[in-house]
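Q:
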Amino acid sequence: MENGGIEEADDALPVPTPLNGRRYRPVGSSDRAVIQMTSMEPGSSSAASIEAVVTPQPPRNLKPDANLTIDPSMREGSPDDHATSGGSQGDSKLELFGFDSLVNILGLKSMTGEQIQAPSSPRDGEDVAITIGRPKETGPKFGTMMGVFVPCLQNILGIIYYIRFTWIVGMAGVWQSLVLVSFCGACTFLTGISLSAIATNGAMKGGGPYYLIGRALGPEVGVSIGLCFFLGNAVAGSMYVLGAVETFLDAVPSAGLFQKSVTVVNNTLVNGTETAGTSTISTPSLHDLQVYGVIVTILLCFIVFGGVKIINKVAPAFLIPVLFSLLCIYLGVFIAPRHNAPKGITGLSITTFKDNWGSDYQRTNNAGVPDPSGSIYWDFNALVGLFFPAVTGIMAGSNRSASLKDTQRSIPIGTLSATLTTTAMYLFSVLLFGALATREELLTDRLLTATVAWPAPAVIYIGIILSTLGAALQSLTGAPSWRPRWKFHHWSLSLVGALLCVVIMFLISWSFTVVSLALASLIYYYVSIKGKAGDWGDGFKSAYFQLALRSLRSLGANQVHPKNWYPIPLIFCRPWGKLPENVPCHPKLADFANCMKKKGRGMSIFVSIMDGDYHELAEDAKTACRQLDAYIDYKRCEGVAEIIVAPTMSDGFRSIVQTMGLGNLKPNIVVMRYPEIWRRENLTQIPSTFVSIINDCIIANKAVVIVKGLDEWPNEYQRQYGTIDLYWIVRDGGLMLLLSQLLLTKESFESCKIQVFCISEEDTDAEELKADVKKFLYDLRMQAEVIVVTMKSWESHMESSSTGAQQDDSHEAYTSAQQRIRTYLDEMKETAQRERQPLMENGRQVVVNEQKVDKFLYTMLKLNSTILRYSRMAAVVLVSLPPPPLNHPSYFYMEYMDLLVENVPRMLIVRGYTRDVVTFFT
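Per the working numbering, the very first residue in the sequence shown carries number 740; after that it's consecutive.
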């Protein structure tokens, strides 16, 4: 859908032009300035602090009464206000929604938490200074190949494949080796899927696996697992270094400072009789491994100290020879046996393959050489412990989370690709090695891969050394310092992967498994403990009370992090009456309350207010509360019921909004029905109560969701199709986005798609605004279409009006609203003249700026026309709720709202926060 203005037929009224000829422009990324975001207090959008400088326009539909005297201090648009209005800032046609109404680049950056200073006021950060300056310089960023795939491949391909893999095939046989590789590979692959889900659950910072696990499962689990992972990395690094040193000493025996000889016993069958033959081979000494290992580790540390940039430059030098050595192994396997090959190498033979199909577990000495009197007996469980390190190393990419261009894309693709590539290579190698050599050759030739390699074994020695050094380098790099985008993840996969990990741990060694689990539990307890809890009371009820009290205290009363924010709706059951006495709450309102909670789970508070004296209505209130509680259970809503007795509905709600809840379990969203009946029921009381409730919510920093068309709201069995359209006008902390996602989790709306409409006043800002919103939604893991609608200038609207363009339904509603406001204003003026006092409404002094009134009406006309043009067939429309202008007649505000919702069958009018309820960080 193309960006564009509102229909030409809608443009029919003049607008005041600012004296300086300038117009409001959204803040761009190049603007180097500090802008103070105003708090959402009643009237902040239209109060004197942001008044516009306007010129009088004689041809007005609403003319002021010349005989009426109003105190200049009470009139909007006074000279003092003009001096501080900022000129062009007040000329925004969306002024009714507040100065920070446009969802511009600044607003998006503030919602993502970039460069936000600590709150300077005690009101939970409502006044936040946001500085746009030169971005902090960062190091080089890497893509999927060099940032994740290559490090994972280097870490997975290690010494075990070159030195022990043929030995494992000879010991376990072909079929058990295939089972072994598949078992370990499945565990790693499922772990990679879980890692992908966590990595795509939001934008990542530095910190590697600790950051991933800690932000997903909490700091206790993150620290305990992260510390164990750190220890595992240290052990793996030492293993890789020793493998490189051992290979070097095997290739160059003269380099050994100490020598050690081992006698090998070979059992053979001669004429049906088993005979034993012996031979002596030289093996590296333990002291040689220690000396050379320390030297290699120091050299690798110097490379690591150079940073990720140096490591990525060195990595190809390690990986390319490794890949070349693998190619040489496969070439040697297919052309074997050569003229100088040992007798045990038969070449690819079906007979050899059949002989090696089964297992032949036997005893070996410490060097792995078969020995009937050896101290080590091998079985499948022992081979799992030996081979499993050959499939680990998938965290090498997440170790570099701070150095990746796009962690949400690179970590899943790179990690899973490396896992699948190496697993497929292992399975293919099992089949080749099983058909290549006899079992005796597989068990006795420690470097069979070098023996068969083409053109010479030296290639494999180099490949082994570089492979192990590369893996050691990756192990030393980056120590550990849900709504996931990854669509192939499910919680059951993580559970299966965790169970496989536990099974493999017990197969390797049950004693070490118990020790490691105990260590992780101790670390978890150490991190989570806050002090010794008092042991008072007994019985299950006391235990539940103590647990609930500790949980409530652990939540605290401080501002909740956006990642942990959860909606706690306060459902206003009967705000406007007109329900049968035996119906304590509108049934569709209870259905909507479930839509605001994922899977219907969460806390809701259903409130009804009884007008009257508490002493007289106390028993009636208790009875009504029991009825409401039973109705909540009947509707399968998880919540509590409260009945308040107060002199008026406004007084009762003001008490509720101040006192309801405990700590962070206070309701944070007020949900009520739109008073569609106000015009035929009560022209003064309902508007006054409606405005009072909204103002109280804004002062108490509660979000507001007003449901229009509640009777048409679908139940759980009525499936909706089409779109969920968001008209994102004000910076609401992302509440409107969160509500749309919650609607998609319900069966009624799961077939719908989200469209986000952003209102821009200038055509030149539309494309930049669209790109920023799309990037913002991508970081939030939201799939939505972004449409930017530009509002044409008042001048072009005047030209369209002069041509006598046909008026649509919205324009007819606009004209009717003008006439009703004029009539109501005339009555107010007559009363003020008769009583010789300023304009009053319900005992409250009000201010009328007729130019503002007409301007606000026209804003609603334009917005309603836009909604009808683009979202007439939408399943539900979400639009921002403008705050009631300060000292403005409540009747006028209801006329604005009626014009906004005109002819829209189903709408949610949302007022959010100045603080965030969504974040794209993990």
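Glycine residues also receive a C-beta, built at the ideal position from the N, C-alpha and C atoms.
Ordered along the chain, which non-local residues of its own chain (more than five positions away) have a Cβ less than 7 Å from that of TRP914?
A: TRP1096
Q: Of all the alpha helix (DSSP H) runs that stay within the bounds of the region 1177 to 1252, which reach a length of 4 or more residues?
A: 1178 to 1183, 1187 to 1191, 1196 to 1215 and 1230 to 1247
Q: Tell whether a beta-carbon distance below 8 Å holds between PRO890 and ALA1135.
A: Result yes, Cβ atoms of PRO890 and ALA1135 sit closer than 8 Å.
Q: At what residues does the beta strand (DSSP E) containing PRO1306 begin and finish?
A: Taken as a continuous stretch (DSSP letters only), PRO1306 belongs to no beta strand (DSSP E), as it is neither H nor E.
Q: Are there 16 or more other CB atoms within 10 angstroms of the CB of HIS1627, so buried, or fewer, so exposed?
A: buried
Q: Between LYS1485, SER1487, SER1260 and GLN1494, which lies nearest to VAL962 when the distance is taken from Cα to Cα?
A: Looking at the Cα atoms, SER1260 is the closest of the given residues.
Q: Considering only residues of the same chain and omitting the five flanking positions on each side of LEU1620, which have a CB-CB separation below 7 Å?
A: VAL1443, ILE1445, ILE1648, VAL1649 and ARG1650
Q: Can you find the residues in the same chain that come closer than 6 Å, C-beta to C-beta, to PHE928, ignoring five residues on each side of it along the sequence?
A: THR1158
Q: Is the number of C-beta pairs between the region 1637 to 1646 and the region 1463 to 1470 that are closer than 8 Å three or more?
A: Flag = no, the region 1637 to 1646 and the region 1463 to 1470 do not touch.
Q: Counting pairs of beta carbons, one from the region 1069 to 1086 and one from the region 1172 to 1184, are three or more of them closer than 8 Å?
A: Yes, the region 1069 to 1086 touches the region 1172 to 1184.
Q: State buried or exposed for VAL1130, treating a residue as buried only when at least 16 other CB atoms are found within 10 Å of its CB.
A: With 16 or more other CB atoms across the displayed protein chains lying within 10 angstroms of its CB, VAL1130 is buried.
Q: Would you call PRO992 buried or exposed, if buried means 16 or more other Cβ atoms sit within 10 Å of its Cβ?
A: exposed
Q: So what's LEU1125 in DSSP terms, helix, strand or just coil?
A: helix
Q: Can you tell which of ASN1454, PRO1196 and GLU1580 has its C-alpha closest to the C-alpha of TYR901?
A: PRO1196
Q: For CYS967 and LEU1258, which I take to be in contact (beta-carbon distance under 8 Å), what is that distance rounded to the nearest angstrom?
A: A Cβ-Cβ separation of about 7 Å places CYS967 in contact with LEU1258 under the 8 Å criterion.
Q: Just grab the DSSP bridge partners of PRO1644 for me.
A: According to DSSP, PRO1644 bridges with nothing at all.
Q: Taking three-plus beta-carbon pairs below 8 Å as touching, is the region 1201 to 1217 in contact with the region 1056 to 1064?
A: yes
Q: DSSP three-state label for ALA1439, please.
A: coil
Q: For VAL1253, count the other beta carbons within 10 Å of its own beta carbon; 16 or more makes it buried, fewer makes it exposed. Which is it?
A: exposed
Q: May I ask you to list the residues that DSSP assigns as paired with SER1680?
A: Any question about residue 1680 goes unanswered here, given that the chain covers just 740 to 1661.
Q: Put LYS880 into one of helix, strand or coil per three-state DSSP.
A: coil
Q: How about SER1394 and ILE1382: are their beta carbons less than 8 Å apart?
A: no
Q: What residue from GLY1124, LEU1143, ARG1573 and TYR1652 has the CA that sits closest to THR883's CA?
A: LEU1143
Q: Going by beta-carbon coordinates alone, are ARG1559 and GLU1634 separated by less than 8 Å?
A: Between ARG1559 and GLU1634, the CB-CB gap stays under 8 Å.
Q: Answer with buried or exposed for ASP1464, where buried requires no fewer than 16 other C-beta atoms within 10 angstroms of its C-beta.
A: buried
Q: Grab me the residues of CYS1240's own chain with a C-beta within less than 8 Å of its C-beta, minus the 5 sequence neighbours each way, in chain order.
A: CYS926 and THR930
Q: Drop a sphere of 10 angstroms on the beta-carbon of ASN894, count the other beta-carbons inside from all chains shown, and report buried for 16 or more, exposed for fewer.
A: Buried is the label assigned to ASN894, since at least 16 other Cβ atoms lie within 10 Å of its Cβ.
Q: Just the C-alpha distance for GLY965 and TYR1265, rounded to the nearest angstrom, thanks.
A: 14 Å
Q: For PRO890, name the three-state secondary structure that DSSP assigns.
A: helix
Q: Residues in its own chain within less than 8 Å of ARG1102 by CB, not counting five upstream and five downstream?
A: PRO1109, ASP1110, PRO1111, SER1112, GLY1113, SER1114, ILE1115, TYR1116 and TRP1117
Q: Would you decide whether PHE1167 is buried or exposed? Buried here means 16 or more other CB atoms lie within 10 Å of its CB.
A: exposed
Q: Need the endpoints of the beta strand (DSSP E) that PHE1345 sits in, please.
A: 1343 to 1350
Q: Is there contact here, the region 1325 to 1337 with the region 1370 to 1381, by at least three beta-carbon pairs under 8 Å?
A: Enough Cβ pairs lie closer than 8 Å, so yes.
Q: Between LEU1070 and the rest of its own chain, which residues show a CB-CB distance below 6 Å, the 5 nearest in sequence each way excluded?
A: TRP1193
Q: What three-state label does DSSP hand GLN1584 in the structure shown?
A: strand
Q: What does the Cβ neighbour count give for MET1335, buried or exposed, with the cut at 16 atoms within 10 Å?
A: buried
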